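Asker:
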Amino acid sequence: MSAAVDDGVRVGARSATGRLVEDVVLGARIGAMRAGGYALALRGDRVARLLHRPWRLDPYPVYAQLRAAQLARGPVRSGTGLTAVATHASVEAVLRDRRLGVRLSDGRSRLSQGDAPSLMEPVDLSLLTVDPPDHTRLRRLAQPAFAPRRLAHYRAVAEQVTTELLDRALARRGPFDLVADLASPLPIRVISALLDVPDVDAERFARWGLALGSSLDGVRSPAHVRELTRATDGMRALFGQLLEQRRAHPGEDVISTLAGAVDGGTATADEVLALAQLLLVAGFETTTNLIGNAVQAMHRTPGQWTALAADPSLAAAAVEETLRYDSPVQLTARFAHEDVEVGDLRLCRDSGVLVLLASANRDPAVHADPDRFDLHREQAAPHLAFSGGAHYCLGAPLARLEGEVALRLLAERMPRLRPAGSPVPRVATVLRGPLQLPVTA
Numbered sequence: 001m002s003a004a005v006d007d008g009v010r011v012g013a014r015s016a017t018g019r020l021v022e023d024v025v026l027g028a029r030i031g032a033m034r035a036g037g038y039a040l041a042l043r044g045d046r047v048a049r050l051l052h053r054p055w056r057l058d059p060y061p062v063y064a065q066l067r068a069a070q071l072a073r074g075p076v077r078s079g080t081g082l083t084a085v086a087t088h089a090s091v092e093a094v095l096r097d098r099r100l101g102v103r104l105s106d107g108r109s110r111l112s113q114g115d116a117p118s119l120m121e122p123v124d125l126s127l128l129t130v131d132p133p134d135h136t137r138l139r140r141l142a143q144p145a146f147a148p149r150r151l152a153h154y155r156a157v158a159e160q161v162t163t164e165l166l167d168r169a170l171a172r173r174g175p176f177d178l179v180a181d182l183a184s185p186l187p188i189r190v191i192s193a194l195l196d197v198p199d200v201d202a203e204r205f206a207r208w209g210l211a212l213g214s215s216l217d218g219v220r221s222p223a224h225v226r227e228l229t230r231a232t233d234g235m236r237a238l239f240g241q242l243l244e245q246r247r248a249h250p251g252e253d254v255i256s257t258l259a260g261a262v263d264g265g266t267a268t269a270d271e272v273l274a275l276a277q278l279l280l281v282a283g284f285e286t287t288t289n290l291i292g293n294a295v296q297a298m299h300r301t302p303g304q305w306t307a308l309a310a311d312p313s314l315a316a317a318a319v320e321e322t323l324r325y326d327s328p329v330q331l332t333a334r335f336a337h338e339d340v341e342v343g344d345l346r347l348c349r350d351s352g353v354l355v356l357l358a359s360a361n362r363d364p365a366v367h368a369d370p371d372r373f374d375l376h377r378e379q380a381a382p383h384l385a386f387s388g389g390a391h392y393c394l395g396a397p398l399a400r401l402e403g404e405v406a407l408r409l410l411a412e413r414m415p416r417l418r419p420a421g422s423p424v425p426r427v428a429t430v431l432r433g434p435l436q437l438p439v440t441a
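Here it is in structure tokens:
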């Protein structure tokens with residue numbers, strides 16, 4: 001063996017050993033964090049319970065306990081280091097208070113340590129992870145994607161795609177998976193139209209979306225890190241190529257607009273790539289969960305699917321009630337940029353508060369009989385499923401549109417839709433929705 005080859009083998013061996021050591025260290029850190037959190041959950045820490053089985057499979061009883069505790073003693077302080085707000089009034093107040101943000105007061109990532117990536121924030125999701133003024137600047141770049149003229153185009157795309165997908169499902173003449181056959185490919189196709197991604201590979205986009213969505217709960221294992229790396233590398237390669245193409249040959253699509261921002265100096269290429277990532281994961285995951293949660297809730301509540309099938313114009317009401325009753329995004333977090341008091345919440349600078357959106361949406365102080373799904377409910381107060389304040393979901397109109405189209409056409413084309421097996425739930429804290437939902441028409 002030559003000296004060069006021998007040196008190469010040794011370097012490769014050291015690299016493999018180094019990666020193994022890194023995996024062991026990271027696995028130990030994750031294991032220690034999870035074990036500590038689970039121990040808190042077993043001792044009755046309700047916030048910690050939201051992070052672990054079996055409680056996060058059905059978090060609503062825990063939310064009710066947190067609301068009661070907050071009403072009795074103020075916001076709940078957890079051994080996790082976070083304080084939780086659970087009532088509608090307190091959640092809305094925190095979301096609207098500009099003294100709190102998604103980063104620490106000095107602009108650092110929420111839970112980063114030195115130069116190491118955070119175990120709880122491993123992926124740059126653009127608008128979700130920056131505060132004003134950068135948030136304002138980037139949001140302004142993405143805003144044209146959701147202008148009324150473009151929404152009308154997306155509605156036409158959504159109706160065409162939903163019709164195609166339902167045609168395929170009906171042609172099978174048997175059970176099908178509502179998630180894999182409708183709720184997942186529909187938003188992917190619409191987001192692909194928004195970004196003008198040619199020859200979209202729906203399965204690949206779904207894998208990327210699931211991987212990035214899972215990152216919202218933090219890193220689970222070294223294998224999860226590698227999965228996230230593959231997803232982000234794949235997305236950055238695709239969007240980087242599209243960005244260069246649109247810089248040379250701009251069109252009317254969102255990426256062309258973002259390419260112009262890079263050339264004009266109002267955004268960097270990295271910012272634009274992160275924004276494209278966000279548009280995919282937010283546009284895909286939230287709508288997929290919304291459709292799945294809606295059908296699941298109506299099948300579990302006697303008379304609700306029958307009511308929608310009898311009057312498909314109730315689809316928009318079904319969307320709003322689903323967003324309130326079983327929010328696709330369950331919670332978010334804010335960090336104090338100074339010592340603050342927001343109602344009965346007191347926070348020191350850089351301390352964090354867990355903002356329980358789904359709990360607020362079932363607060364009996366604002367929603368009568370909140371644990372009942374009701375298509376005919378008169379919303380007494382706005383739900384907070386799309387967050388609020390500066391970080392109100394930019395894609396809310398598109399998610400509503402896709403959900404309404406999907407549910408209306410489902411009710412028209414499959415009025416006898418019913419369960420055909422047990423759903424497979426997503427076991428997660430931030431995102432909520434079925435991974436599989438067997439149904440038959």
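The sequence shown: position 328 = 328 (full-length UniProt numbering), numbered continuously. Ideal Cβ placement from N, Cα and C applies to all residues, glycine included. Model, not experiment: these values are computed from the prediction.
(1) Apart from the five residues on each side of it in sequence, which residues of its chain come closer than 6 Å, Cβ to Cβ, to Ala-420?
(2) Rounding to the nearest angstrom, what Cα-Cα distance links Val-424 and Val-130 in this structure?
(3) How long is the line joining the alpha carbons of Val-319 and Ala-28, rounded to whole angstroms?
(4) Just tell me which of Arg-137, Arg-96, Val-225 and Arg-189 has its CA closest to the CA of Leu-165.
(5) Using three-state DSSP, classify Arg-418 as helix, strand or coil.
(6) Tell me, please, which residues DSSP counts as bridged to Glu-159.
(7) Check the Cβ-Cβ distances between His-135 and every residue of chain D, and say whether any is below 8 Å.
(8) For the candidate residues Val-262, Gly-343, Trp-208 and Leu-128, whose alpha-carbon lies nearest to that of Arg-73?
(9) At what residues does the beta strand (DSSP E) containing Arg-346 begin and finish?
(10) By the DSSP assignment, the alpha helix (DSSP H) with Glu-338 in it spans what residues?
(11) How many angstroms separate the CA atom of Glu-237 from the CA atom of Arg-400?
(12) To the nearest whole angstrom, what separates the beta carbons of Val-47 and Leu-279, a pair I think is in contact under 8 Å?
(13) Let me know the secondary structure DSSP gives Arg-77 once reduced to three states.
(14) Whether or not the region 296-310 and the region 152-160 are in contact is what I'm after, with contact meaning three or more pairs of Cβ atoms, one per stretch, closer than 8 Å; do they touch?
(15) Closest by CA to Gln-241, which one among Leu-228, Ser-256 and Ala-64?
(16) State the Cα-Cα distance for the pair Pro-415 and Tyr-38, rounded to the nearest angstrom.
(17) Using the beta-carbon count (16 or more within 10 Å), is Arg-372 buried or exposed?
(18) Which partner residues of Leu-431 appear in the DSSP bridge assignment?
(19) In the DSSP assignment, the alpha helix (DSSP H) including Leu-437 goes from what residue to what residue?
(20) In terms of residue numbering, what span does the alpha helix (DSSP H) encompassing Leu-258 cover?
(21) What residues in its chain sit with their C-beta under 7 Å from that of Asn-289, if we drop five residues either side in the sequence?
(22) Using the three-state DSSP reduction, which class does Val-424 fall into: helix, strand or coil?
(23) Out of Asp-58, Asp-106, Ser-78 and Ser-214, state which residue places its alpha-carbon closest to the alpha-carbon of Asp-350.
(24) What did DSSP end up calling Leu-356 once you bin it into helix, strand or coil?
Answerer: To lay it out plainly:
(1) So the list reads Pro-175, Pro-438, Val-439 and Thr-440, once near-sequence residues are dropped.
(2) CA-CA distance, Val-424 to Val-130, rounds to 33 Å.
(3) Going by the C-alpha atoms only, they are around 42 Å apart.
(4) The candidate whose alpha carbon is nearest that of Leu-165 is Arg-189.
(5) Arg-418 falls in the strand class under three-state DSSP.
(6) Note: Glu-159 is not bridge-paired with any residue in the DSSP secondary-structure output.
(7) This model lacks chain D altogether; it includes just one protein chain.
(8) Of Val-262, Gly-343, Trp-208 and Leu-128, the residue nearest in Cα terms is Gly-343.
(9) That run of the beta strand (DSSP E) goes 345-347.
(10) Counted as a single uninterrupted DSSP element, the stretch harbouring Glu-338 is not any alpha helix (DSSP H), since DSSP gives it neither H nor E.
(11) For the record, residue 237 in the displayed sequence is Ala; it is not Glu. Each residue's alpha carbon lies about 30 Å from the other.
(12) Not quite, the Cβ-Cβ distance comes to about 31 Å (not below 8 Å), so this is no contact.
(13) Of the three classes helix, strand and coil, the one that applies to Arg-77 here is strand, per DSSP.
(14) The region 152-160 is not in contact with the region 296-310.
(15) Closest option to Gln-241, Cα to Cα, is Ser-256.
(16) A straight line joining the alpha-carbon of Pro-415 with that of Tyr-38 spans about 44 Å.
(17) Per the 10 Å Cβ criterion, exposed.
(18) Residue pairing by DSSP places Leu-431 opposite Val-329 in a beta bridge.
(19) Boundaries for Leu-437: no alpha helix (DSSP H) harbours it, and the DSSP string shows neither H nor E there.
(20) 254-264 is the span of the alpha helix (DSSP H), which, as asked, contains Leu-258.
(21) For Asn-289, where only same-chain residues beyond five positions count, the Cβ hits under 7 Å are Pro-328, Leu-431, Arg-432 and Gly-433.
(22) If DSSP states are grouped into helix, strand and coil, Val-424 belongs with the strands.
(23) That would be Asp-106, whose Cα lies nearest to the Cα of Asp-350.
(24) For Leu-356, the secondary structure class from DSSP, reduced to helix, strand or coil, is coil.
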